[in-house]
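Following the working numbering, the numbering of the sequence shown begins with 62 at its first residue and continues without gaps.
In this text, a Cβ means the ideal position worked out from N, Cα and C, and glycines have one as well.
Model, not experiment: these values are computed from the prediction.
Each remark here refers to the structure printed beneath this line.
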Amino acid sequence: MTDQQDAAPGRRQRVLVTGATGYVGSRLVPALLAEGHDVVAATRKASSLEAYPWSERVTTAEFDIADEDKIAAAVEGVDAVVYLVHSMADEDFVRKDREAAERVARACETAGVKQVVYLSGLVPDAELTDHLRSRLEVEEVFLASSVPATVLRAAMVIGSGSTSFELLRRLSRRVPLVTPVPSWMRSSLQPVSIDDVVHLLVRSLQGEVHERHYDVGGDDVLTYPELLALFAEVDGLKRRRVLVPGLSAKVVGWGCARISGMDITTVSALVESLSEEMVCGEDDVRRDLADPDHRFVPVREALQRSLSGSTDGGTLQGDTHAPAPTDSV
Numbered sequence: 062m063t064d065q066q067d068a069a070p071g072r073r074q075r076v077l078v079t080g081a082t083g084y085v086g087s088r089l090v091p092a093l094l095a096e097g098h099d100v101v102a103a104t105r106k107a108s109s110l111e112a113y114p115w116s117e118r119v120t121t122a123e124f125d126i127a128d129e130d131k132i133a134a135a136v137e138g139v140d141a142v143v144y145l146v147h148s149m150a151d152e153d154f155v156r157k158d159r160e161a162a163e164r165v166a167r168a169c170e171t172a173g174v175k176q177v178v179y180l181s182g183l184v185p186d187a188e189l190t191d192h193l194r195s196r197l198e199v200e201e202v203f204l205a206s207s208v209p210a211t212v213l214r215a216a217m218v219i220g221s222g223s224t225s226f227e228l229l230r231r232l233s234r235r236v237p238l239v240t241p242v243p244s245w246m247r248s249s250l251q252p253v254s255i256d257d258v259v260h261l262l263v264r265s266l267q268g269e270v271h272e273r274h275y276d277v278g279g280d281d282v283l284t285y286p287e288l289l290a291l292f293a294e295v296d297g298l299k300r301r302r303v304l305v306p307g308l309s310a311k312v313v314g315w316g317c318a319r320i321s322g323m324d325i326t327t328v329s330a331l332v333e334s335l336s337e338e339m340v341c342g343e344d345d346v347r348r349d350l351a352d353p354d355h356r357f358v359p360v361r362e363a364l365q366r367s368l369s370g371s372t373d374g375g376t377l378q379g380d381t382h383a384p385a386p387t388d389s390v
């Protein structure tokens with residue numbers, strides 16, 4: 062049996078999801094279960110899964126990206142690994158993320174894993190910030206491995222609970238009527254809804270294994286000030302945006318972290334990325350992976366769905382855009 066036949070559509074696979082209790086992972090697990098896959102949810106503490114309605118339908122694996130023995134035990138016997146580990150809260154996250162990916166790649170090779178799927182970030186044609194350089198280094202580790210890897214590169218993921226969306230929400234709501242926007246923050250970005258991200262992650266595990274990276278984005282391309290204006294409109298906020306020259310990324314990152322109440326290292330890394338053009342360079346993912354009938358969610362609709370969900374309904378009823386009770390942001 063060839064590799065392509067072995068990964069035929071509809072084949073039930075045993076899939077390890079790292080970061081299963083994280084933002085994307087907690088939405089992906091029920092989608093994989095719905096497709097009939099056996100899911101191994103990797104987490105540092107088994108008790109962290111108890112809040113999820115699918116916790117009794119998965120196998121739990123104790124997982125620590127710094128512990129080679131735990132990594133080896135987690136990947137043993139699985140067909141595929143979905144790698145959703147990102148860390149920006151540590152000042153040395155670039156090195157730690159790269160070394161973690163190297164450990165996982167080695168373990169997958171030893172265990173005979175058939176495929177790794179990694180959710181990365183769009184890579185602009187410019188000098189990379191630490192945030193984007195880290196994502197690129199991790200995907201390069203997996204693509205260089207003997208285990209076939211499929212990489213999805215996404216810019217801002219829109220959905221209640223995602224770090225970038227929550228930063229947008231908090232800044233829009235907490236800044237007064239006049240919103241200062243750094244003059245260098247006028248680059249374009251191509252957001253993608255969490256619904257589309259989950260769909261593509263699931264589809265990456267079906268059919269032929271595509272050993273490459275794909276740019277992932279929705280149908281809309283807009284500047285950051287335009288996104289702020291659209292969010293304000295959807296959220297019913299009256300805000301006026303004023304371009305302000307002379308503000309460094311460091312100062313803006315510090316200010317955004319203070320206003321949002323979010324981790325300063327994480328916020329600073331995200332803010333730095335806003336100076337780059339975060340637009341897809343190709344759309345092969347729609348041809349190779351997306352279901353032909355899949356409709357990508359427009360930014361306005363994604364914002365509306367993300368803002369209308371309740372914290373105790375939403376994701377428990379299958380709405381990936383809505384907040385989950387366990388979202389940590």
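For Gln-74, which three-state DSSP category applies? The sequence position of residue 74 within the sequence shown is 13, counting from 1. It is coil, neither helix nor strand.
Considering Cα atoms alone, identify which of Ala-107, Glu-294, Asp-130, Arg-235 is closest to Cys-317. One-based indexing of the sequence shown puts residue 317 at position 256. It is Arg-235 whose Cα lies nearest to the Cα of Cys-317.
Any alpha helix (DSSP H) of 4 or more consecutive residues that is wholly inside the stretch 330-377: 345-349, 360-369
Run the CB neighbour count on Leu-304, radius 10 Å, all protein chains shown included, and call it buried at 16 or more, exposed below. Within the sequence shown, the letter at position 243 stands for residue 304. When all chains shown are included, Leu-304 counts as exposed.
If we ignore side chains and look at the alpha-carbon of each, how far apart do Ser-336 and Leu-193 end up? To locate residue 336, count along the sequence shown from 1; it is residue 275. To locate residue 193, count along the sequence shown from 1; it is residue 132. Using only the alpha carbons, I get a separation of about 12 Å.
Just to confirm, are Val-178 and Leu-77 a CB contact at a threshold of 7 Å? In the sequence shown, the residue the question calls residue 178 occupies position 117. In the sequence shown, the residue the question calls residue 77 occupies position 16. Not closer than 7 Å, so no.
Residues bridged to Gln-176 (per DSSP): Counting from one through the sequence shown, the residue named residue 176 turns up at place 115. Partner(s): Ala-141.
Look up Leu-94 in the DSSP assignment and say whether it is helix, strand or coil. Against the sequence shown, residue 94 aligns to sequence position 33. It is helical.
Which listed residue (Gly-83, Ala-172, Leu-93, Asp-130) has its alpha carbon closest to that of His-147: Within the sequence shown, the letter at position 86 stands for residue 147. Per the Cα distances, Gly-83.
For Tyr-285, the first and last residue of its enclosing alpha helix (DSSP H): Translated into positions along the sequence shown, residue 285 becomes position 224. Looking at the DSSP string, the run of the alpha helix (DSSP H) that includes Tyr-285 is 285-296.
Is Ile-314 helix, strand or coil when you go by DSSP? Position 253 of the sequence shown, counted from the first residue, corresponds to residue 314. Position check: residue 314 holds Gly in this sequence, whereas Ile was assumed. If DSSP states are grouped into helix, strand and coil, Gly-314 belongs with the helices.
Where does the unbroken alpha helix (DSSP H) through Leu-204 begin, and where does it stop? Position 143 of the sequence shown, counted from the start, is the residue given in the question as residue 204. Note, Leu-204: alpha helix (DSSP H), 191-205.
Checking the sheet assignment: what are the DSSP bridge partners for Arg-214? Counting from one through the sequence shown, the residue named residue 214 turns up at place 153. Paired residue(s): Ser-181, Asp-276.
Is the distance from the Cβ of Thr-284 to the Cβ of Ser-249 below 7 Å? One-based indexing of the sequence shown puts residue 284 at position 223. One-based indexing of the sequence shown puts residue 249 at position 188. Yes, Cβ-Cβ distance for Thr-284 and Ser-249 is below 7 Å.
Give the DSSP-derived three-state secondary structure of Ser-321 in the structure shown. Residue mapping note: residue 321 aligns to position 260 of the sequence shown, counting from 1. Reduced to three states, the DSSP call for Ser-321 is helix.
With distances taken between CB atoms, is the gap from Met-339 to Ala-216 smaller than 7 Å? As a first step, residue 339 must be located in the sequence shown, where it is residue number 278. As a first step, residue 216 must be located in the sequence shown, where it is residue number 155. In contact: Met-339 and Ala-216 (Cβ atoms closer than 7 Å).
Under 7 Å between C-beta atoms of Val-313 and Val-332: As a position in the sequence shown, residue 313 is number 252, starting the count at 1. As a position in the sequence shown, residue 332 is number 271, starting the count at 1. Cβ atoms of Val-313 and Val-332: closer than 7 Å.
Compare the Cα-Cα distances from Lys-157 to each of Thr-381, Ser-116, Arg-196, Ala-172 and report the closest residue. Your numbering for residue 157 matches position 96 in the sequence shown. If we check each option's Cα against that of Lys-157, Arg-196 comes out closest.
Assign Arg-171 to buried or exposed, taking buried as 16 or more other Cβ atoms, counted over all protein chains shown, within 10 Å of its Cβ. In the sequence shown, the residue the question calls residue 171 occupies position 110. Reading the sequence as shown, one finds Thr at residue 171 and not Arg. Thr-171 comes out exposed.
Ile-132 versus Asp-257, Val-165, Arg-300, residue with shortest Cα-Cα distance: Against the sequence shown, residue 132 aligns to sequence position 71. Checking every option, the nearest Cα to that of Ile-132 belongs to Val-165.
The ligand ADP heavy atoms versus the CB of Ala-127: any closer than 6 Å? Summarising the ligand content, the structure contains no ligands, and the ligand ADP is consequently not present.
As a quick exercise: from Gln-176, Ser-254, Val-202, pick the residue whose alpha carbon is nearest that of Pro-209. As a position in the sequence shown, residue 209 is number 148, starting the count at 1. Cα-wise, what sits closest to Pro-209 is Gln-176.
How would you call Val-199, buried or exposed, if buried means at least 16 neighbouring beta carbons within 10 angstroms? Locating residue 199 in the sequence shown gives position 138, where the first residue counts as 1. Looking at its Cβ environment, which holds 16 or more other Cβ atoms inside 10 Å, Val-199 is buried.
DSSP three-state label for Leu-261, please. As a working note, residue 261 is residue 200 in the sequence shown. Leu-261 falls in the helix class under three-state DSSP.
Ser-233 - DSSP class collapsed to helix/strand/coil: Taking the first residue of the sequence shown as 1, we reach residue 233 at position 172. Ser-233: helix per DSSP, three-state reduction.
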